[in-house]
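*Asks:*
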Amino acid sequence: MTTRRDILQRIAVPLVPLYGEREARSIALLAASELSGLPETAFLTDPQAEIVVDGLDAIIEQLTAGRPVQYVIGTAEFLGQQFVVREGVLIPRPETEELVTWILREERQATSILDVGTGSGCIAATLAMELPHTDVSAADISEDALAVAAENCRRLGVRVDLRRADALNDLTEVFTGPFDIIVSNPPYVPQSDRATMHPNVRDHEPAEALFVPDDDPLRFYRVIAQAGRKLLRAGGRLYFEIYYQHADAMRTLCAEEGYTDIRVREDLFGRPRMLGCRMQ
Numbered sequence: 479m480t481t482r483r484d485i486l487q488r489i490a491v492p493l494v495p496l497y498g499e500r501e502a503r504s505i506a507l508l509a510a511s512e513l514s515g516l517p518e519t520a521f522l523t524d525p526q527a528e529i530v531v532d533g534l535d536a537i538i539e540q541l542t543a544g545r546p547v548q549y550v551i552g553t554a555e556f557l558g559q560q561f562v563v564r565e566g567v568l569i570p571r572p573e574t575e576e577l578v579t580w581i582l583r584e585e586r587q588a589t590s591i592l593d594v595g596t597g598s599g600c601i602a603a604t605l606a607m608e609l610p611h612t613d614v615s616a617a618d619i620s621e622d623a624l625a626v627a628a629e630n631c632r633r634l635g636v637r638v639d640l641r642r643a644d645a646l647n648d649l650t651e652v653f654t655g656p657f658d659i660i661v662s663n664p665p666y667v668p669q670s671d672r673a674t675m676h677p678n679v680r681d682h683e684p685a686e687a688l689f690v691p692d693d694d695p696l697r698f699y700r701v702i703a704q705a706g707r708k709l710l711r712a713g714g715r716l717y718f719e720i721y722y723q724h725a726d727a728m729r730t731l732c733a734e735e736g737y738t739d740i741r742v743r744e745d746l747f748g749r750p751r752m753l754g755c756r757m758q
C-alpha cells in the first residue's frame with residue numbers, strides 16, 4: 479500500500495540537497511496535490527490514506543534536475559488565482575503580490591493602468607479582475623509571454639489590452655495614454671549576482687526578464703520613468719518592483735526624472751522591494 483505520506487517522502491527526500499528540508503517539503507506538497515487532484519491539506523490531515531499517482535517518476539526526475547515545480551505542473555498561484563506559466567515567462571513571486579496589493583489598496587479609483595513587462599500577465603490580469611471598471615493595458619517584448627498572458631486573461635475572464643512593446647525603445651509609440659497608473663516589474667538583477675542565484679532560477683527562468691548589465695542596472699527604470707512623463711496624466715502614479723540593493727538609487731532616479739511623493743516599501747522580510755511615486 480502506498481500512502482499519501484509515502485508520496486510526499488518520495489518527492490521530497492531527493493530534493494533536500496537542492497532546496498533544504500522545508501522548501502523540499504513545500505515543493506513535494508504542491509507536486510503531489512497537482513498529480514493527485516487532491517488539495518494540499520488532504521496530505522496533511524490524512525497522511526495514511528492510500529493513494530495511486532501516475533507519472534510520479536517523471537515528475538521527480540524533472541524536479542531533481544532543478545526544473546522549478548511551477549514549470550513542471552504548469553501553473554503558479556498569485557493572490558489566490560492559478561496562472562499558467564511556462565519556460566519563457568517569470569514565475570510570479572510573493573513580493574509582486576505585495577506590489578499589487580499596495581496598488582489595490584491605494585488606487586481603486588484608477589480608470590486606466592499600464593503594466594510594462596507583463597510576463598505571465600499576473601499583475602495586469604489581477605488588477606483587471608479586482609478593478610472591473612478600469613481599463614488595463616499591458617506590454618511585453620516577448621511574443622511567448624504575450625501568448626501566456628492572453629491565456630491567463632481568458633482563463634480568468636478579464637479583458638486586458640495586450641501589445642508587443644520594447645520597454646527600452648517604443649513604449650510611447652505603442653501606447654498613447656494617458657494612464658492613471660504605470661506599474662512595472664522589469665529586469666533588475668545585476669549580471670554579477672547571477673552566480674549566487676539558486677540554479678532553479680538561474681538555469682530555467684528567462685534571463686532576459688531577470689538580468690541587467692552591471693554598468694547600468696537601472697536602465698529599465700530610467701526609460702520607463704521617462705516614458706511615464708508622456709504617458710501618465712498629471713497626478714498619475716508610477717509603481718515599481720525594485721532590487722533591494724538599489725532603493726536609494728531609485729529614489730534619486732525618480733526625483734531626477736521629476737517625480738514627487740516618492741515612497742519605498744519593504745517586503746515581508748524587511749527588504750525595500752517596492753517604490754511608488756507621483757507625476758507632477
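Sequential numbering of the sequence shown, starting at 479, is according to this note's numbering.
All residues carry an ideal CB built from backbone N, CA and C; glycine is no exception.
#1: Quick one: using the 10 Å Cβ neighbour count with 16 as the cut-off for buried, is P570 buried or exposed?
#2: What is the C-beta distance between P695 and H724, in whole angstroms, given that I count them as a contact (C-beta under 8 Å)?
#3: Quick check on G595: buried or exposed, where buried means 16 or more other Cβ atoms within 10 Å of its Cβ?
#4: Taking the alpha carbon of R707 as the point to measure from, which residue in H682, T738 and T674 has its own alpha carbon closest?
#5: Whose C-beta lies closer than 6 Å to the C-beta of A623 among residues of the same chain, with five residues either side of it excluded?
#6: Can the beta-carbon of L582 be found closer than 7 Å to that of E565?
#7: Can a CB atom of chain B be found closer than 7 Å to the CB of I720?
#8: Return yes when the Cβ of G544 is within less than 7 Å of the Cβ of P677, no when it is not.
#9: Report the residue from A536, I537 and A520 whose alpha carbon sits nearest the alpha carbon of I529.
#10: Let me make sure I understand the geometry here. Which of M757, I740 and T604 has the alpha-carbon closest to that of P750?
#11: Which first and last residues belong to the beta strand (DSSP E) in which D745 is found?
#12: Do you know how far the Cα of V531 is from the Cα of T542?
#13: Whole angstroms are fine: how far does the CA of E719 sit from the CA of E573?
#14: Taking the alpha carbon of R672 as the point to measure from, which residue in P665, F657 and F689 has its own alpha carbon closest?
*Replies:* According to the structure shown:
#1: Mapped onto the sequence shown, residue 570 falls at position 92. Classification of P570: buried, given that the 10 Å Cβ count is 16 or more.
#2: Within the sequence shown, residue 695 is the residue found at index 217, counting from 1. Within the sequence shown, residue 724 is the residue found at index 246, counting from 1. At roughly 6 Å, the Cβ-Cβ gap stays under 8 Å, so P695 and H724 are in contact.
#3: The residue labelled residue 595 in the question sits at position 117 within the sequence shown. Classification for G595: buried.
#4: The count along the sequence shown starts at 1 and reaches residue 707 at position 229. For R707, the nearest C-alpha among the options comes from T738.
#5: Taking the first residue of the sequence shown as 1, we reach residue 623 at position 145. The answer, listed in chain order, is V567 and G597.
#6: Position 104 of the sequence shown, counting from 1, holds the residue named residue 582. Position 87 of the sequence shown, counting from 1, holds the residue named residue 565. Cβ distance not < 7 Å, so L582 and E565 don't count as in contact.
#7: Included in the structure is just one protein chain, with no chain B present.
#8: Residue mapping note: residue 677 aligns to position 199 of the sequence shown, counting from 1. Residue mapping note: residue 544 aligns to position 66 of the sequence shown, counting from 1. Yes.
#9: As a first step, residue 529 must be located in the sequence shown, where it is residue number 51. The shortest Cα separation from I529 among A536, I537 and A520 belongs to A520.
#10: Along the sequence shown, read from residue 1 onward, the residue named residue 750 stands at position 272. Ranking M757, I740 and T604 by Cα distance to P750 puts I740 first.
#11: Within the sequence shown, the letter at position 267 stands for residue 745. Element bounds for D745: n/a, residue is neither H nor E.
#12: Here residue 542 refers to the residue found at position 64 of the sequence shown. Here residue 531 refers to the residue found at position 53 of the sequence shown. So the alpha carbons of these two residues sit roughly 18 Å apart.
#13: Here the question's residue 573 lines up with position 95 in the sequence shown. Here the question's residue 719 lines up with position 241 in the sequence shown. Using only the alpha carbons, I get a separation of about 8 Å.
#14: In the sequence shown, counting from the first residue as 1, residue 672 sits at position 194. Measuring from the Cα of R672, the nearest candidate turns out to be F689.
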